[in-house]
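Right, one structure below, let's go through it.
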Amino acid sequence: MTETIRISGVMLVGGAAAGDVFALAEPLSFWGGFDATTGAVTDHRHPDRGASLNGRVVAVASARGSSSGASVLAEAIRLGTAPAAFVLSTRDAILTVGCQVAVELYGKFCPIVLVTDDDLVRVRAAKRAVVATDGPDATIDIS
Amino acid sequence: MTLALATIDTDLLAGRHGEAAAFAMRLLVKFADAMAAPGFLDIVGAHIDGCLYHGQVSLDFVEHAVALKGRVRVPTTLNVGSMDLIHPELFRGGAKLGTDGARVMRAHEDLGCIASFTCAPYQTMFKPRFGEQIAWAESNAIVFANSVIGARTNRYGDFLDLACALTGRAPAYGLHLTDNRRATHVFRITDTPFDDTERTAIAIGALIGAEAGTAIAAIDGLSPGTTEDDLKALGAAAASAGAVAMFHAVGLTPEAPTLTAATQGIAPTVVRDVTAADLRASLARLSTATDGATLSAVSLGTPHFSPAQFALLLPRLAASPPRTPFYVNTNRETLAALEANGAADTLKRLGVTLIVDTCAYLMTEVVGLQGVIMTNSGKMAWYAPGNLGADIAFGSLAECVASAAAGKVVRL
């Protein structure tokens, strides 16, 4: 049985989620780089092109590119094709507002947790992650 | 850090300014918390990018605000939408995209937004003033407002822009604050291979976008003859190639009378000498088509063409009329001025199609926009291969006109 390790973080968007970890090779622009109807990475220049992020706990430093990425992410959450959660090492405005709007409009949760650079490395190396938030605090159980 | 709320903020949250403002303020409070902003400040205007349709959520968000009887609390302009509402016959997308795209645009008008539908609001009567706090979306407009005007905005975008407009408040962080507006990267132009200020500006814009990313660059060595439209093109190229929200051009932009002013007297972290070869390479990266290739169209006006740009274009076109389809994107205010002085008729007679309210690079099925497209816009060059699946030849305004007359990519 694999060992579970608990990592503490800061809640950017609340919620609870669990899924296999997807460590994006580099930051992704959701506008122009992600298909909200399928949940797949579509950016021609991105190393993870073709991979599905649907239901995954996406671990990456930040997003990239156009602020319209917030709409694309919120649309994916509405459609059920979005990641289960994000673990980031920066306070990313685009992803944060996209996930917040999905909560406000649809009551659908895609939590975002902020961790240190070192902890992000540990999450990216894990297979599975369980994310939970409690007020301003958050935990990630990785295994 | 705890978020400090002023009386107006708690009033907004409590619904004393309506349910839509309360909804928007709730979103802003959560957002400001997540960004670790200490509080909010008043804004005097907003510019909204959410009128572009990105799926059902675009419609749901704005129609929710309409259902709550929302009204914007500050003068608010609208960015380009998915449709040319004045020339809908140019649209070739699907029926649902057309209907929903137009609904999103109309719903913003219902909230009291001004039907400007332009990505260059800074060249209309809604231009902000130096030092004003604003909440703007649209990457090129953000750069222009911060850099060329000296107004203050962060990179707002979908949802947040409307939330700020509905409340008249913005999180007090980032580029709203003086300390965060200093240049940390200095780019010194030692030489340029171009004899026009247009290409030099776009080449350095694309370069700082690629190399500075989100950092603020001070550009030293641009010609004093660099125009407002050159700086607009520079910012648009920088914001497309990177996430640039502000730059300084020493001697040209208002917060950079000197290099020391631009850096606020603090030593920069990066100082980079830019050579003629660097600028030539930067511009070459914008083209995917080869010189001499057969041209299927020319598209100018990304961002929207200004009256001054039309004044440069008209005599050139009259001297050598295009034989390929020739599109110019602009806004309603400029179109009205062109119609009033007869220039719109002249352009039409010369074979020019004017597109308003939207932009050719968003209209994936505009007739003629396949194959090789030529443009003088760094932004169009950056996005068209992905958005339109087209090949791009980047050129100066003069090269675009000469190429349109020749039917192939011509270099001058």
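Protein chains in written order, with our numbering: chain A, 178 to 320; chain B, 1438 to 1849.
Where a beta carbon is used, it is the ideal one built from N, C-alpha and C, also for glycine.
If I measure Cβ to Cβ from residue i and keep anything under 6 Å in the same chain, skipping five residues before and after, which residues do I get?
i: B:E1456; result: L1505
i: B:G1808; result: S1733
i: B:R1769; result: V1793
i: A:D318; result: T181, R183, V307
i: B:T1514; result: H1484, I1551, S1553, P1558, F1563
i: A:D296; result: I184
i: B:V1708; result: V1623
In whole angstroms, what separates the C-alpha of residue i from that of residue j?
i: B:E1802; j: B:V1735; result: Low confidence applies to B:E1802: its pLDDT is 49, below 50, so where it sits in the model is not reliable enough to give any reading.
i: A:R255; j: B:V1494; result: 8 Å
i: A:I271; j: B:T1783; result: 44 Å
i: B:A1670; j: B:L1450; result: 40 Å
i: A:A247; j: B:A1755; result: 44 Å
i: B:V1499; j: A:V274; result: 15 Å
i: A:K304; j: B:H1484; result: 43 Å
i: B:P1661; j: B:A1686; result: 10 Å
i: B:A1640; j: A:A306; result: 45 Å
i: B:C1556; j: A:T267; result: 29 Å
i: B:A1600; j: B:R1618; result: 24 Å
i: A:I289; j: B:D1479; result: 28 Å
i: B:T1536; j: B:T1771; result: 26 Å
i: A:A238; j: B:F1763; result: 43 Å
i: B:P1822; j: A:T179; result: 46 Å
i: A:V190; j: A:P260; result: 14 Å
i: B:L1791; j: B:P1744; result: 13 Å
i: A:A302; j: A:A200; result: 8 Å
i: B:A1607; j: B:A1726; result: 43 Å
i: B:T1444; j: B:L1464; result: 17 Å
i: B:A1774; j: B:R1543; result: 24 Å
i: B:T1621; j: B:L1696; result: 11 Å
i: B:T1439; j: B:A1578; result: 31 Å
i: A:S206; j: B:G1844; result: 35 Å
i: B:T1731; j: B:C1796; result: 23 Å
i: A:C287; j: B:A1474; result: 22 Å
i: B:L1659; j: A:A228; result: 44 Å
i: B:L1603; j: B:A1458; result: 5 Å
i: B:D1828; j: B:A1818; result: 9 Å
i: A:C276; j: B:L1787; result: 49 Å
What residues from chain A crowd round residue i, counting only those whose CB sits closer than 8 Å?
i: B:H1622; result: Neighbours of B:H1622 on chain A: none; closest Cβ ~19 Å, over 8 Å.
i: B:R1592; result: S244, A270
i: B:V1554; result: Note that residue 1554 of chain B is Phe in the sequence shown here, rather than Val. What B:F1554 touches in chain A: nothing, since even the nearest Cβ is about 16 Å away.
i: B:D1486; result: S244, S245
Which chain B residues sit within Cβ distance under 9 Å of residue i?
i: A:T258; result: Within 9 Å Cβ-Cβ: nothing; A:T258 doesn't reach chain B, min ~11 Å.
i: A:V292; result: Result: empty, since nearest Cβ-Cβ is about 14 Å, beyond 9 Å.
Report the neighbours of residue i on chain A: residues whose CB is nearer than 7 Å to its CB, in chain order.
i: B:A1574; result: S244
i: B:S1495; result: S248
i: B:H1501; result: L282
Grab me the residues of residue i's own chain with a C-beta within less than 8 Å of its C-beta, minus the 5 sequence neighbours each way, in chain order.
i: B:A1835; result: D1633, R1753, L1849
i: B:V1789; result: L1754, P1759, F1763, Y1764, V1765
i: B:G1650; result: G1679, A1680, V1681
i: B:D1547; result: V1503
For residue i, which residues in the same chain have their Cβ closer than 7 Å to its Cβ, ignoring the five residues on either side in sequence?
i: B:A1698; result: E1692
i: B:V1711; result: F1624, R1625, I1626, T1627, I1641, L1644
i: B:T1767; result: G1738, H1741, F1742, L1791, V1793
i: B:A1609; result: A1474, P1475, G1476, F1477, L1478
i: A:T168; result: Because chain A spans 178 through 320 in this model, residue 168 of chain A falls outside it and cannot be assessed.
i: B:V1838; result: R1753, L1754, S1757
Give me the Cβ distance between residue i and residue j, rounded to the nearest whole Å; I'm assuming they're in contact under 8 Å.
i: B:E1575; j: B:N1516; result: 5 Å
i: A:T316; j: A:R183; result: 6 Å
i: B:S1724; j: B:A1830; result: 5 Å
i: B:A1582; j: B:F1567; result: Going by Cβ atoms, the distance from B:A1582 to B:F1567 rounds to 10 Å, so no, they are not a contact pair.
i: B:A1675; j: B:V1580; result: 6 Å
Identify the contact partners of residue i in chain B, using a Cβ-Cβ distance below 8 Å as the criterion.
i: A:V274; result: L1464, F1468, G1594, D1595, F1596, L1597
i: A:L189; result: A1471
Mind listing the chain B neighbours of residue i? Cutoff is C-beta to C-beta under 7 Å, in chain order.
i: A:R255; result: Q1493, V1494
i: A:A213; result: G1492
i: A:G209; result: G1823
Can you list the residues of chain A that residue i reaches, using a CB-CB cut of under 9 Å?
i: B:L1489; result: S245, S248
i: B:F1498; result: S248, A251, V278, E281, L282
- Message: Which runs of the beta strand (DSSP E) at least 3 residues long sit entirely within the segment 222-293 of chain A? Give them in chain order.
- Response: 234-236, 262-265, 289-291
- Query: Can you give, in chain order, each stretch of the beta strand (DSSP E) that sits fully within the segment 1733-1781 of chain B and has at least 3 residues?
  - Reply: 1734-1737, 1763-1767
- Task: Mind listing, in chain order, the continuous alpha helix (DSSP H) runs of no fewer than 4 residues lying wholly within the segment 1603-1651 of chain B?
- Result: 1634-1649
- Item | Any alpha helix (DSSP H) of 4 or more consecutive residues that is wholly inside the segment 1670-1700 of chain B | 1696-1699
- Task: Only counting runs of 4 or more residues, tell me where the alpha helix (DSSP H) segments fall wholly within the segment 1457-1526 of chain B, in order along the chain.
- Result: 1493-1504
- Can you give, in chain order, each stretch of the alpha helix (DSSP H) that sits fully within the segment 1532-1602 of chain B and has at least 4 residues? 1532-1547, 1576-1581
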